[in-house]
Amino acid sequence: MAAMGETMDLPHRRPVPHRPDVAVLGAGAMGLVAAVTLCRAGLSVAVYERAPDFAQSAAWRSGGMLAPECEADGSEPVVVELGRRSMALWPELLPDVSLQGTLVVAPPRDPAALARFARQTTHHQALDAAGIAALEPLLADRFRQGLFFASEGHLDPRRVMPALLAELRDGGVPVTFDWSGDPAALTASRIVDARGLGARDRFPDLRGVKGEMALVRNPEITLARPVRLLHHRYPLYVVPRADGVFMIGATTVESDTAATVTLRSAGELLTQAYTLHPAFGEAEVLEFNAGLRPAFPDNNPRIEVDGRTVAVNGLYRHGWLIAPALAADVAAMILADRTEDAHAHHDQR
Ligand SMILES: Cc1cc2nc3c(=O)[nH]c(=O)nc-3n(C[C@H](O)[C@H](O)[C@H](O)COP(=O)(O)OP(=O)(O)OC[C@H]3O[C@@H](n4cnc5c(N)ncnc54)[C@H](O)[C@@H]3O)c2cc1C
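Under the working numbering, the first residue of the sequence shown carries the number 310, and numbering increases by one thereafter.
This is the structure we're talking about:
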């Protein structure tokens with residue numbers, strides 16, 4: 310496999326036309342999902358990523374929770390709808406996406422938090438201690454009440470991003486990392502601008518919302534699905550990865566500055582994980598990290614057409630969740646324009 314930082318040289322690549330149908334800017338959650346969707350729709354695609362690898366994106370540091378119902382707590386209906394549509398698309402995009410649902414619990418001394426969350430959301434099932442234990446034996450006797458959101462899922466961005474890249478590569482899509490070119494000089498018929506926070510030149514009202522996270526490992530801990538622990542000050546979630554690794558996330562800090570993790574946030578993340586289960590106290594800390602989520606003032610995503618460019622941005626805290634539906638909308642727009650162009654061309658002859 311070619312190293313990142315260079316255009317992928319592919320053994321089975323389709324000949325890349327001199328003028329691809331679509332150039333995708335950005336290989337984060339939105340760019341990768343859009344590129345795969347456009348490619349599967351039969352368009353020729355080229356991808357341009359500014360960074361030398363995926364690690365600079367918000368996507369790489371994210372939880373990867375696919376939780377449209379839980380997002381109803383604090384998000385507008387448009388996000389929930391995009392999320393629900395995306396849940397129907399994820400299994401096609403990624404056949405082994407995990408669809409084990411989400412478990413939500415609250416500390417026994419805080420039943421009001423669970424009641425409030427239940428009021429804000431739908432499509433959940435109330436669980437008692439036995440129900441929680443049946444779903445997650447690790448949590449037996451730790452929580453008296455919970456909510457189960459059966460239609461939700463999760464993915465591991467650090468597995469999924471290379472997998473999507475591999476699909477693009479196998480389909481003959483040139484993917485250029487370390488790219489610092491001028492979009493105006495690209496010859497593609499259409500440009501999909503999925504640069505996340507890198508698109509502030511286009512969207513002056515775009516802001517970063519910092520999310521801090523930790524990765525820990527304890528092979529003795531087993532969880533099948535993301536678990537959210539409600540707390541009035543420090544709500545937290547734990548997302549299982551493979552091999553006893555867990556992502557603990559995430560803070561939400563209105564901060565646009567360098568993505569560093571504060572000592573206070575690190576302490577909160579680890580303390581809440583320990584509250585979920587003391588076995589986290591024995592876990593090895595693998596990584597602290599922080600990403601900046603691209604957000605508009607209303608925290609809703611936006612698709613904006615400007616000449617040959619379709620810009621998609623503002624995916625905020627649910628980029629993985631909503632990217633497939635947004636990508637489907639972008640693909641539909643581009644395909645419709647192509648059909649119109651073809652008809653116009655035909656009529657002129
Ligand atoms: C801690 C944390 C936890 C999260 N948890 C979840 C979760 O559980 N579920 C969920 O759905 N979402 C989650 N998110 C949100 C999700 O990560 C974002 O919504 C998503 O990554 C936004 O996708 P994006 O492609 O717009 O931006 P990004 O993922 O940031 O990707 C943008 C890409 O564009 C590239 N770029 C920038 N400028 C240029 C340029 N000039 N030319 C070319 N490329 C450029 C960047 O290098 C980057 O790779 C989380 C985020 C954080 C930080």
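Just so it is clear, CB atoms sit at the ideal spot from N, CA and C, and this is done for glycine as well.
*asked:* Taking 7 Å as the cut-off, is the beta-carbon of E385 closer than that to any non-hydrogen atom of ligand 1?
replied: The residue you call residue 385 lines up with position 76 of the sequence shown. For E385, the shortest C-beta to heavy atom distance toward ligand 1 is 7 Å or greater.
*Cutoff 6 Å; reference T316; Cβ partners in own chain excluding five residues on either side*: As a working note, residue 316 is residue 7 in the sequence shown. In this prediction, T316 has a pLDDT of 41, which is less than 50 and means its spatial position is unreliable; what the coordinates show is noted afterwards. Excluding sequence neighbours, T316 sits near P483, T485.
_Residue of L506, S353, D405 minimising C-alpha distance to V518_ = The count along the sequence shown starts at 1 and reaches residue 518 at position 209. Out of L506, S353, D405, L506 has the C-alpha closest to the C-alpha of V518.
*Between the CA atoms of V536 and V413 - distance to the nearest angstrom*: Taking the first residue of the sequence shown as position 1, residue 413 is located at position 104. Taking the first residue of the sequence shown as position 1, residue 536 is located at position 227. If you take the alpha carbons of V413 and V536, they lie about 6 Å apart.
*Pick helix, strand or coil for T302, following the three-state DSSP scheme.*
This structure cannot speak to residue 302, because the chain is shown only from 310 to 658.
*What is the residue span of the alpha helix (DSSP H) that T346 lies within?*
As a first step, residue 346 must be located in the sequence shown, where it is residue number 37. DSSP places T346 inside the alpha helix (DSSP H), whose first and last residues are 338-349.
*Distance between R516 and T566 (C-alpha atoms, nearest Å)*: Your numbering for residue 566 matches position 257 in the sequence shown. Your numbering for residue 516 matches position 207 in the sequence shown. Approximately 10 Å, taken between the alpha carbons.
*Cβ of A343 within 8 Å of Cβ of V554?*
Within the sequence shown, the letter at position 34 stands for residue 343. Within the sequence shown, the letter at position 245 stands for residue 554. Not a contact, by the Cβ cut-off of 8 Å.
*Same chain, Cβ closer than 6 Å to A533, five either side skipped, listed in chain order*: Numbered from 1 along the sequence shown, position 224 holds the residue referred to as residue 533. Around A533: Q409.
_Rounded to whole angstroms, what is the Cα-Cα separation between H433 and E445?_
Here residue 433 refers to the residue found at position 124 when the sequence shown is read from its first residue. Here residue 445 refers to the residue found at position 136 when the sequence shown is read from its first residue. C-alpha separation (whole angstroms): 16 Å.
*In three-state terms, what does DSSP make of E613?*
Locating residue 613 in the sequence shown gives position 304, where the first residue counts as 1. In the structure shown, E613 sits in a strand (DSSP, three-state: E or B).
*asked:* At a cut-off of 7 Å, would you count R428 as near ligand 1, judging by its Cβ distance to the nearest heavy atom?
replied: Here residue 428 corresponds to residue number 119 of the sequence shown, with the count starting at 1. Every heavy atom of ligand 1 is 7 Å or more from the Cβ of R428, so no.
_Any non-hydrogen atom of ligand 1 closer than 7 Å to S460 Cβ_ = In the sequence shown, residue 460 corresponds to position 151, counting from 1. Not so, every heavy atom of ligand 1 lies at least 7 Å from the Cβ.
*Does the count of Cβ pairs from the stretch 332-348 and the stretch 460-478 closer than 8 Å reach three?*
yes
*Exposed or buried, what is E649 when buried is set at 16 or more other beta-carbons lying within 10 Å of its beta-carbon?*
Here residue 649 corresponds to residue number 340 of the sequence shown, with the count starting at 1. Its Cβ having fewer than 16 others within 10 Å, E649 is exposed.
*Quick one: what's got a C-beta closer than 8 Å to D552's C-beta in the same chain, skipping five residues either side?*
Along the sequence shown, read from residue 1 onward, the residue named residue 552 stands at position 243. Taken in chain order, the residues that qualify are R526, P528.
*Closer than 7 Å by C-beta to V388: which residues in its own chain qualify, once you throw out the five before and the five after it? Chain order, please.*
Position 79 of the sequence shown, counted from the start, is the residue given in the question as residue 388. Closer than 7 Å at Cβ, skipping near neighbours: E380, N609, H627, I631.
*Could you check how far apart the C-beta atoms of V619 and E476 are, in whole angstroms? I think they sit under 8 Å.*
Position 310 of the sequence shown holds residue 619. Position 167 of the sequence shown holds residue 476. With 8 Å as the limit, V619 and E476 do not qualify as a contact, their Cβ atoms being about 21 Å apart.
*A523 lies in the beta strand (DSSP E); which residues open and close that run?*
Within the sequence shown, the letter at position 214 stands for residue 523. Segment 516-526, the beta strand (DSSP E) holding A523.
*Have a look at P587 and L456 and give me their C-alpha separation to the nearest angstrom.*
Stepping through the sequence shown from its first residue, residue 587 is reached at position 278. Stepping through the sequence shown from its first residue, residue 456 is reached at position 147. If you draw a straight line from the Cα of P587 to the Cα of L456, it comes to about 21 Å.
*What did DSSP end up calling V389 once you bin it into helix, strand or coil?*
The residue labelled residue 389 in the question sits at position 80 within the sequence shown. DSSP places V389 in helix when its eight states are reduced to three.
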